[in-house]
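Visitor: Just dropping this structure here.
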Amino acid sequence: MMTRELARTGLPIIYNPGEMHSSARSETTRAPKASETTAAAIVSDIVSLGLRRGDRLPAESDMLANYSVSRETLREALRILEVQGLITLKRGPGGGPFVSALNASYLARTATLYFHLAGATYDEVFDTWKILEPQLSAKVARLEDRRLKEAAFARFLDYDVEEHEESEIFSDLNNFHAVIAELSGNRVLTLLTQAIDHIVVEHVLGTGRDTIPEDDAMSHDHADIAKAIIAGRPRKAETLMHDHISEVVERFRERHPERSDELVQWM
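In terms of numbering that gives the first Met the number 0, the sequence shown is residues 0 to 266.
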């Protein structure tokens, strides 16, 4: 039986770039399955053809001929892409595979699987959050387009929590962080930051909130950060974001002291 200590330590993390393409693979790696290589080919075509959200992929018969695979392999490839949230499979007349938007929640879901097996805790997620977002805020503050920033943050500057429903407030406050990630202009940072935000929100901060008092404090923090970003003050924006995240984490730790050291849960 696996000991508790082993479970808390987690599986070892290895770093071996190029191993998947090496002729001397280790026992822990394998050649990609036909369905995986087909899924990769479909993704490559989505990008090269410039397909957008809502665009329909070719008919099954066309894809079978194009990728030279069996129907079983093609359908498994499409299921792989569906599970990753990259396509939507619609049934019935007019149905088929359609391109989806990129949703960082799927990246977060995969990440939590690895974090859980590695033995990572929510405290480590918090640390990552505090490293990524303050620097991202500073990066956005350096943008020269003030009008762009004003338009992006307009709804957060005079936000009155008492004028909104609780579910709406929670969504709006969390969207503030998504706006900063999107404005960064760095798609890797956007996806990574939003994935961490998804984990923080869905696993941790979405439970046991103090509603109006807490939401009002967060709204004021967001307004101050937005003003610093709009004014082009990167150092102040970074400091305010760091302090804001630290306060949010501290409030959570006071309410749920036992949860910070919990393993990150998959899904």
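Glycine is no exception: its CB is placed at the ideal position from the N, C-alpha and C atoms. Everything numeric in this text was worked out from a predicted model, so none of it was measured.
What does a CB cutoff of less than 6 Å around Phe77 pick up in its chain, not counting 5 residues either side in sequence?
Guide: Here the sequence assigns Leu to residue 77, which means Phe is not the residue at that position. Excluding positions up to five away in sequence, the list reads Pro96.
Visitor: Can you name, in chain order, every residue of its own chain whose Cβ lies under 8 Å from the Cβ of Thr2, other than the five neighbours on each side?
Guide: Only weak support is given to the placement of Thr2: the predicted model assigns it a pLDDT of 45, under 50, and the value that follows is read from those uncertain coordinates. Answer for Thr2: no residue qualifies.
Visitor: Which whole-angstrom value is the C-beta distance of Ala222 and Leu116, which I expect to be below 8 Å?
Guide: Incorrect: roughly 40 Å between the Cβ atoms, too far for contact.
Visitor: Give me the DSSP bridge partner(s) of Gly95.
Guide: DSSP lists Lys89 as partners of Gly95.
Visitor: Going by CA-CA distance only, name the one from Pro133, Ser34 and Val263 that's closest to Ile244.
Guide: Of the listed residues, the one whose Cα sits closest to Ile244 is Pro133.
Visitor: Can you grab the Cα-Cα spacing for the pair Asp220 / Val46, in whole Å?
Guide: The straight-line gap from Cα to Cα measures roughly 39 Å.
Visitor: Identify the residues that DSSP records as bridge partners of Thr238: which are they?
Guide: The partner list for Thr238 (beta bridge, DSSP) is empty, contrary to what the question assumes.
Visitor: By the DSSP assignment, the alpha helix (DSSP H) with Leu10 in it spans what residues?
Guide: Unbroken run through Leu10: none, as it is neither H nor E.
Visitor: Tell me, please, whether the CB atom of Thr37 is closer than 8 Å to any CB atom in chain D?
Guide: The structure shown contains no chain D; it is built from a single protein chain.
Visitor: Where does Arg55 fall in DSSP's three states?
Guide: The answer is strand: DSSP assigns Arg55 an E or B state.
Visitor: Verify whether the separation of the beta carbon atoms of Glu149 and Ile229 is less than 8 Å.
Guide: A contact, by the Cβ cut-off of 8 Å.
Visitor: Is the CB-CB distance between Ile224 and Ser136 below 8 Å?
Guide: Yes, the pair counts as a contact, with Cβ atoms nearer than the cut-off.
Visitor: For a minimum of 4 consecutive residues, which ranges assigned as the alpha helix (DSSP H) are wholly contained in the region 97-185?
Guide: Whole alpha helix (DSSP H) segments, 4+ residues: 103-117, 121-140, 145-156 and 165-182.
Visitor: Report the three-state DSSP secondary structure of Leu63 (helix, strand or coil).
Guide: Helix.
Visitor: Identify whether Leu48 lies in helix, strand or coil by the three-state DSSP scheme.
Guide: It is coil, neither helix nor strand.
Visitor: In chain order, what residues of the same chain lie with their CB nearer than 6 Å to the CB of Asp54, ignoring the 5 residues before and after it?
Guide: Taken in chain order, the residues that qualify are Val98.
Visitor: Using the C-alpha atoms, what's the distance from Arg108 back to Gly84?
Guide: Approximately 11 Å between the Cα atoms of the pair.
Visitor: Return yes when the Cβ of Leu204 is within less than 8 Å of the Cβ of Val263, no when it is not.
Guide: Result no, Cβ atoms of Val263 and Leu204 do not sit closer than 8 Å.
Visitor: Can you grab the Cα-Cα spacing for the pair Glu253 / Asp260, in whole Å?
Guide: Approximately 13 Å, taken between the alpha carbons.
Visitor: Skipping 5 residues on each side, what residues in its chain have a beta carbon closer than 7 Å to that of Glu237?
Guide: Pro133, Gln134, Ser136 and Ala137.
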